[in-house]
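Since the structure comes first, as structure tokens, the remarks are kept for the end.
Residue numbers (the numbering used here): 1 to 359.
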């Protein structure tokens with residue numbers, strides 16, 4: 001079977017994110033572990049009348065935003081969604097002259113932070129940056145929120161393939177060698193995920209089925225901690241975003257065995273696809289998007305949609321995404337809503353398929 005979940009991730013942005021966090025920490029209200037993108041800059045003239053996909057049809061009675069906007073990230077700092085949220089929070093802050101504060105609320109494979117936003121006031125001042133796990137979490141069974149009904153989709157930001165990583169200490173340099181080693185050590189090699197029921201958890205299960213191997217699953221509270229333990233050889237394999245992986249590949253701290261797309265990515269042109277190496281039914285793409293609590297005013301959703309669409313057209317942003325192997329998506333909030341519905345249905349079927357497999 002072929003899986004086409006969409007994703008992203010910005011490896012080199014994690015260190016920049018820490019600078020953004022410290023620069024405005026004192027400006028943000030105490031709503032948990034939070035950090036802001038950067039000091040507000042003067043808004044360009046006409047920002048309230050941005051046009052394009054999802055543009056505001058008529059001016060808001062009260063211009064939005066008038067104060068700090070909190071963007072929840074349902075995973076720990078250091079992962080792809082954290083970097084994406086901070087990049088776009090910075091640009092939104094510069095365009096609106098109001099702080100966009102990023103808060104990490106990790107736990108439950110992304111469900112803790114998502115549930116917090118679902119129960120927040122629907123006024124546009126609490127948003128949720130989500131990766132593919134927002135749809136994949138249906139594999140966890142009953143959730144404290146409905147991933148579709150309890151949110152107002154704003155926009156899909158981008159999509160990107162992922163990469164199968166191992167620590168050099170494992171002694172393998174290609175995917176087939178890893179598979180052979182796993183077959184020789186049934187159930188003894190481990191793979192990390194960003195949480196039980198997360199997309200990386202299911203991706204690992206799909207890889208196991210495709211390669212006919214058995215690995216030990218080790219869940220973490222986000223991609224950042226998973227990468228840290230892979231770097232420390234606490235786990236043997238992790239399917240990570242390419243942007244988050246590139247710095248560690250460049251300094252040879254990790255080894256890339258394969259990318260999870262059907263074609264090679266310009267970001268890692270010398271790394272083969274899993275399909276090239278014989279896993280013909282393994283394809284896994286990730287995506288990132290922005291949500292608000294249900295019943296958020298349509299004018300607010302439209303304005304945020306228009307602003308993010310504008311940012312996605314900036315040459316510098318497009319170039320950065322291209323360098324990292326990611327593709328800008330954008331589009332309307334209605335398109336994102338339909339996409340989420342299709343993803344939830346797809347991952348529910350995958351989770352059931354995995355559940356039905358004999359151990």
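Backbone N, C-alpha and C fix where the C-beta goes; we use that ideal spot for every residue, glycine too.
{"Asked": "Residues near residue 91 in its chain [Cβ-Cβ closer than 7 Å; skip 5 each side]", "Found": "311"}
{"Asked": "The ligand COA heavy atom lying under 7 Å from the CB of residue 163", "Found": "This structure lacks the ligand COA; in fact it carries no ligand of any kind."}
{"Asked": "Which listed residue (356, 193, 123 and 160) has its alpha carbon closest to that of residue 285", "Found": "160"}
{"Asked": "For residue 231 and residue 178, the rounded distance between their alpha carbons", "Found": "17 Å"}
{"Asked": "Three-state secondary structure assigned by DSSP to residue 163", "Found": "strand"}
{"Asked": "7 Å CB neighbourhood of residue 342 in its chain, flanking five on each side removed", "Found": "none"}
{"Asked": "Reduced DSSP secondary structure (H/G/I, E/B, other) of residue 211", "Found": "helix"}
{"Asked": "Which residues DSSP lists as bridging residue 255, in chain order", "Found": "166"}
{"Asked": "contact_flag[the stretch 94-106, the stretch 150-168] where n(CB pairs < 8 Å) is 3 or more", "Found": "no"}
{"Asked": "Buried/exposed call for residue 103, threshold 16 Cβ in 10 Å", "Found": "buried"}
{"Asked": "6 Å CB neighbourhood of residue 304 in its chain, flanking five on each side removed", "Found": "154"}
{"Asked": "Touching by the beta-carbon criterion (3+ pairs, under 8 Å), the stretch 196-212 and the stretch 279-298", "Found": "yes"}
{"Asked": "Rounded straight-line distance, which links the Cα of residue 332 to that of residue 164", "Found": "32 Å"}
{"Asked": "Range covered by the alpha helix (DSSP H) that runs through residue 289", "Found": "Residue 289 -> not in any alpha helix (DSSP H); beta strand (DSSP E) instead, spanning 285-293."}
{"Asked": "Segment contact, 8 Å Cβ cut-off, at least three pairs: the stretch 293-309 with the stretch 185-194", "Found": "no"}
{"Asked": "CB of residue 144 within 8 Å of CB of residue 135, strictly", "Found": "no"}
{"Asked": "Closest residue to residue 254 among 245, 213 and 158 (Cα-Cα distance)", "Found": "245"}
{"Asked": "Which residues DSSP lists as bridging residue 191, in chain order", "Found": "217 and 237"}
{"Asked": "CB contact flag (residue 75, residue 183, <8 Å)", "Found": "no"}
{"Asked": "Alpha-carbon spacing of residue 201 relative to residue 240, whole angstroms", "Found": "11 Å"}
{"Asked": "N-terminal and C-terminal residue of the alpha helix (DSSP H) that residue 104 is part of", "Found": "Careful: residue 104 lies outside any alpha helix (DSSP H), inside the beta strand (DSSP E) at 100-104."}
{"Asked": "Strand pairing of residue 158, partner residues [DSSP]", "Found": "288 and 328"}
{"Asked": "Where the beta strand (DSSP E) through residue 248 begins and ends", "Found": "Counting along the chain, residue 248 falls outside any beta strand (DSSP E), though it belongs to the alpha helix (DSSP H) covering 242-250."}
{"Asked": "Element boundaries [beta strand (DSSP E), containing residue 306]", "Found": "From DSSP, residue 306 is part of no beta strand (DSSP E) but of the alpha helix (DSSP H) over 298-312."}
{"Asked": "Start and end residues, beta strand (DSSP E) containing residue 143", "Found": "Premise fails: residue 143 is in no beta strand (DSSP E) and is neither H nor E."}
{"Asked": "Residue 87 and residue 292 closer than 8 Å at C-beta", "Found": "no"}
{"Asked": "DSSP state of residue 272 mapped onto helix, strand, coil", "Found": "coil"}
{"Asked": "Residues near residue 65 by beta carbon distance below 8 Å, same chain, minus five either side", "Found": "96, 98, 124 and 125"}
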